Amino acid sequence: MYRKMLLARRFEEKAGQAYGLKKIQGFCHLYIGQEAVVVGINEAIKPTDYVMTGYRDHVHPLVRGADAGMLMAELYGKDTGYSKGKGGSMHFFDVEHRFYGGYGIVGGQIPLAAGMAFASKYRGESHIAVCSFGDAAANQGAMHETFNMAVKWKLPVLYVVEQNKYGMGTDIARVSSVPDIHKRAPGWDMRGESVNGQDVVAVYEKVKELTEWIRAGNGPVLLECYTYRFRGHSMSDAATYRTKDEVEDYKGRDPIVTLRKLLLTKKGVTEEQLDAIEEEEKAIVEKAMKFADESPLPPDEDLWLHTEVAEGEPDEKPRERVLGLKNVDWPNHPTDFKVTWDLEPRETAAAPAAPKKGAA
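Per the UniProt record's numbering, residue 1 is the first one in the sequence shown, and the count goes up by one each step.
Here it is as structure tokens:
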């Protein structure tokens, strides 16, 4: 866990530097300070589980095993990135490691995670969906609608609130009548828990407990991880809404420093061993930067590539392709179904009756 937390921290630090050098354009939301949350979760779940998050997404696929060079290349907008440079910072995606996004719409991933959990349950699989979102996303209507459905259907999904106190520059307590978001869970008859998100061991143990409960068929859980981002909301945010004392107080609870102390005092690990790990992770990130720097930009002719289905090549069985379902009766094109009150197939939908002569 220490190794992965260091990798996440050094990756984000280098991404911040690259942004300052204008190698990365557009939005860039760093995860520095919150590493215990993502690492604790991913150490506790299975490689086959589905994971998705919001737009502070760089390290989520990284700690699941995604290639650091390809991730950095995606940030650079290079052709060697996971989405050939078209996803960028907010839309990372790595199917190989079951990371299904990076979503730029606040809370947009919440209903999608329920859909993935439904697919797993429908197919009789043991996979669960793990969906992270920020505290500000908890005030999105889609969350309430989804939680109601997830509880009713007992969907195998763990919802994780990365509670870092601020939605952009607004303190959650200023805009929420219940700022402790896990306390809302009883309103949906849902299990709600909280954990110290600066303690990776505590996160790991809590997620291990909750995922076992979910896999047993008990339905969804809402877990709130109290954490803190050391940087602003994004690279354009100077974070002047926070006091220096507040930031320094939380830096005193740095999850990496906390774990390092634990390893030194309780686990018999030496300073030399931890320093060696530090150098190894730095080398991985330096290599990733070099790969991104030397990678080509996408060619101009690829501008429209992978943006729409090519004419004459409809995705005839999208559910079979994406979800692995067989023998699915699925139209070749959405227009093959005419929307009527009964949703009848187009070829059998009754034509509207012609008006009688003289009718007004």
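Think of the CB as a built atom: it goes at the ideal place given N, C-alpha and C, for glycine as much as any other residue.
None of these values were measured; they are calculated from a predicted model.
Item: A44 - DSSP class collapsed to helix/strand/coil; Value: helix
Item: Inter-residue spacing [alpha-carbon to alpha-carbon] between V195 and L222; Value: 11 Å
Item: Under the three-state DSSP convention, the category Q140 falls into; Value: coil
Item: Host alpha helix (DSSP H) of L263 (start-end); Value: 255 to 266
Item: Chain-order list of residues whose beta-carbon lies under 6 Å from that of R56 (same chain, five-residue window excluded); Value: H29, Y31
Item: Runs of alpha helix (DSSP H) wholly within the stretch 207 to 261 (minimum 4 residues, chain order); Value: 244 to 251
Item: Continuous beta strand (DSSP E) stretch holding G52: start and end; Value: Before going further, note that residue 52 is Met rather than Gly in the sequence given. Per DSSP, M52 belongs to the beta strand (DSSP E) from 50 to 52.
Item: N-terminal and C-terminal residue of the beta strand (DSSP E) that L158 is part of; Value: 157 to 163
Item: Distance CB(I181)-CB(V157) smaller than 8 Å; Value: no
Item: Which listed residue (T170, F27, G115) has its alpha carbon closest to that of N139; Value: T170
Item: Chain-order list of residues whose beta-carbon lies under 6 Å from that of P111 (same chain, five-residue window excluded); Value: A142, T146
Item: Per-residue burial, N42 [other beta carbons within 10 Å of its own, 16 or more giving buried]; Value: buried
Item: Status (buried if at least 16 other CB within 10 Å, exposed otherwise) for G134; Value: buried
Item: Y82 versus E308 - alpha carbon distance; Value: 18 Å
Item: Simplified DSSP assignment, three categories, for E125; Value: coil
Item: Given 8 Å, three or more beta-carbon pairs between the stretch 290 to 300 and the stretch 68 to 75; Value: yes
Item: Sufficient close CB pairs (3 or more, under 8 Å) joining the stretch 7 to 16 to the stretch 211 to 221; Value: no
Item: 8 Å Cβ cutoff met for Y228 and V130; Value: no
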